[in-house]
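One gets my numbering by counting positions in the sequence shown from 1 and adding 412 to each. Every residue, glycine too, gets a C-beta built ideally from N, C-alpha and C. As the structure is a computational prediction, the values presented were derived from the model and not from experiment.
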Amino acid sequence: MNLLSPWFLAGLALIAGPVIFHLIRRANKDRIRFSATNFLKESPPRLERKSRIQNPWLMVLRCLVVALFALAFARPFIESNLPVTPNVSSPNTLVLILDSSASMQREGAWANAIQQAESYIEDLESQDQLSIISVALNAQLKLPFDRWSEWPPNERQTLAKALLSEMKPSWGSSQLDDAIELALAELEQADEGAAVTSKKRIVLLSDLQKSARIAGIAGREWPEECQFEIKTISGTHTGNVGIYWLGWTGEEEQRKMRIGVRGSGATENPELELSLSDAASGAVLSEPTKLYSNSGDKSIVLLAVPAGTEGPFQVTLDGDSESFDNTLFVAEERPRPMALHYFGEIENADNPNQAAFYIKRATSGWEDPIVSFGTPDRVDAEKNRSAPFILIDSILDQNSVAEVRSRISEGSHGLLLLSHPDRIEVAASLLGENGWRTGTENQTDSRLGMIDFQHPSFNLFADPRFSDFSRIRFWHAHTVHLPEDSNAVAIARYDDESPAILEAPIGTGTLTIWVGDWAPKYSQWVLSTKFVPWLQKLFERAAGGSDQPSVVSIDAVYSQFSSPTMSWQLLNADVYSSETPSLPGLYRLRDGRSDRWVALQISSEESEWETHAFEDWERLGVPLGRSSSLAESKIPTKAELRTQNAVELESHQQIWRWVIILVAILLATESLIARKLQNREDTVAL
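Following this line, the structure appears as structure tokens:
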């Protein structure tokens, strides 16, 4: 037998109490007073030198009660040779979030993050779960819980570390709230079907830039007992100076570049130089510009571009210890020229009663594309061959139909004004279809009834504030009947459901057919506020899309360049690629007839090293703090195992309960014996 709390045996010293009480002779309980004794002094009984114990068996019984009480509090148990399974702590469910934004390109930062992540992985046991998420412009699940569970338990740590070694920081900005949302979704999925409740932890390994987005988790409900831990990652250097693009000055004769310079952290070298060179050849174009930048400084530097140089350019910052944001690529912003070939009477372009008059004046003065209006016989051969927009406002002969169809099939955009029913054969010939016919003309008031606002020509009017076309009236519309197998699709219809605007592909180009007359005496279309925006959208589509900048942040590439026909070629690369680039640098962008330079840069906020305060996280309701250490689930030592076995054995055996029952029986017996002895003494006294 062993004891769980042996220090309670010190209570055995209380056995001396019953022994002492039994050695003391009791005084007579009942006293009879006589008159002769009233004048005598009362004296207590004296202990004899050789005191005799009164009722020794009763004393032994009382001593036994005290001893058993002390034994019960000591919690005795019988040792067993079979070890009892110790209490195992709940498994850990850990989600590691690695910030892989451009700021993690700083020297030593990524290696520090990987080292921290590996230390967490090394603390995991076979019953634990792990998920790894990387985040920059978007969050990516690198290791889901399911894949971790599929790995052999003895190889999980090795495979997870191998996965970390393959990861690299990207060039996008930090969207930390997306990663946290993904981590919470992973924790919810891990809880589904789990037999045991686990300890949930989310660990964020990041440099915690102040520009990193975290507002998306505001008001988010967190799982119970989920802990969010932040590990701030730092690099080798304590400060940084970055440069970013601010645009060109407005001077036409000698334009200058506006270069922003921002210092953050404890900058190590305030004396810097800014140099300008030709990106393609590497030739230096000007003397370096000296500048000074300390922590927190923001300034603008104007770099003069030598006359006659077209670029693309490269701006380099020298003297800064961090090089990931010290190179800036700049491409010239060149507007796209567009030749508009008009097939119709040239006099109509100056007649306010004709549609061509309004098209010519609406397109003049545009900055991008720059439209030149002319007829095919009044432009040179090169412009005639490459004209991306063709306006058809007359009946065409067979040769002209073949020429126009050939140009559209090569990528041009055609607009056919079907203002008279006799032009229906032109539409059928251009599409190479049979069965096109017209119905009766509608000389009454017609309106546009159905419009596909998802179509590129009308999506700019999709907002309810701009989608009302019911006020535009048409007085000279006519119906068109298409063959069942026609490639033309109606993107707008009149209120009688007859086609108003048709569109059909021809090769790599597109033909738009407007059924009706645009002249002011026949419709209000050219005089409405919808006409110019719609026409510009049509010309932008012909030019390859909306006006796109030449210097773009990596974060905005997907939103600015979304055409599936685009192809990219990195400077000094050999081939074009259809994949949207994710690295900063100079690219040759080709889209249809357009071919130009585009410079991709990292976000300027990635150069800032100021961090989010912990108060920002607390305001968002994030459960900051450290959860129980993963070390709690480790195998206990031999001493800890013996202690756990003792606790388990004692809790299962509960011998102290039987001791207490025995004490209760002995106390009852003692009471009966004491009562019997008392009655006997009372009888003798009488």
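Straight-line Cα distance separating residue j from residue i
i, j, result
"E537", "Q621", "33 Å"
"F1060", "Q539", "Just to set this straight, residue 1060 is Glu in the shown sequence, not Phe. The alpha-carbon atoms of E1060 and Q539 are separated by roughly 23 Å."
"L923", "F878", "25 Å"
"P1035", "D1028", "12 Å"
"T1055", "L476", "29 Å"
"P724", "G708", "31 Å"
"V969", "S618", "24 Å"
"E1017", "Q527", "26 Å"
"A1058", "P488", "10 Å"
"Y770", "A931", "9 Å"
"A574", "L596", "25 Å"
"S824", "K933", "30 Å"
"P503", "S610", "5 Å"
"S1019", "V987", "32 Å"
"Q960", "M978", "13 Å"
"P945", "W937", "12 Å"
"E991", "L982", "11 Å"
"E519", "S646", "9 Å"
"G672", "S831", "54 Å"
"D590", "W657", "27 Å"
"S869", "K949", "6 Å"
"S940", "L1012", "39 Å"
"G1112", "G851", "Absent from the model: residue 1112. The displayed extent of the chain is 413 to 1098, so no value can be given."
"T644", "E636", "25 Å"
"R905", "V892", "11 Å"
"W660", "S711", "16 Å"
"N760", "A767", "8 Å"
"L576", "H649", "23 Å"
"G423", "N1091", "32 Å"
DSSP beta-bridge partners of residue i
i, result
"C638", "K612"
"F785", "L752"
"S971", "Paired residues: none, contrary to the question."
"V653", "G675"
"P917", "T922"
"T891", "According to DSSP, which records beta bridges pairwise, T891 is partnered with nothing at all."
"L483", "DSSP output for L483 lists no bridge partner at all."
"V901", "E915"
"A551", "V547"
"E683", "Y704"
"V507", "S543 and I614"
"D690", "F725"
"R670", "G659 and L714"
Exposed unless 16 or more other CB atoms sit within 10 angstroms - verdict on residue i
i, result
"E779", "exposed"
"S818", "exposed"
"L843", "buried"
"P911", "buried"
"P781", "buried"
"P718", "exposed"
"M413", "exposed"
"T721", "exposed"
"G651", "buried"
"A551", "buried"
"A900", "buried"
"D1007", "exposed"
"K580", "exposed"
"S935", "buried"
Spatial neighbours of residue i in its chain, beta-carbon cut-off 7 Å, leaving aside the 5 residues before and after
i, result
"I807", "D834, R835 and V838"
"V1010", "A743, S962, V964, Y999 and L1001"
"V713", "I671, V673, L686, T701 and L703"
"L483", "V1071"
"D762", "F769"
8 Å Cβ shell around residue i - same chain, five flanking residues per side excluded
i, result
"P468", "H434"
"V816", "F755, I802, I804, L808, G826 and L842"
"L1079", "V477"
"W634", "L596, F640, G1033, V1034 and P1035"
"H1024", "L620, Q621, K622, A624 and I626"
"P556", "S543 and E598"
Cβ neighbours of residue i in the same chain (closer than 6 Å, five flanking residues each side left out)
i, result
"T739", "T728"
"S582", "S512 and A548"
"G928", "F886 and A889"
"L1042", "Bear in mind that the predicted position of L1042 carries a pLDDT of just 34, short of 50, making it unreliable; the figure below should be weighed with that in mind. Cβ within range, chain order: N504 and D535."
Any chain B beta carbon closer than 8 Å to residue i
i, result
"D535", "This model lacks chain B altogether; it includes just one protein chain."
Quick check for students: name the residue ranges of the alpha helix (DSSP H) that lie wholly in the region 929 to 981, counting only runs of 4 or more. 943 to 955 and 969 to 972
Complete beta strand (DSSP E) runs within the region 979 to 1038 (minimum length 3 residues, chain order): 979 to 982, 997 to 1003 and 1006 to 1013
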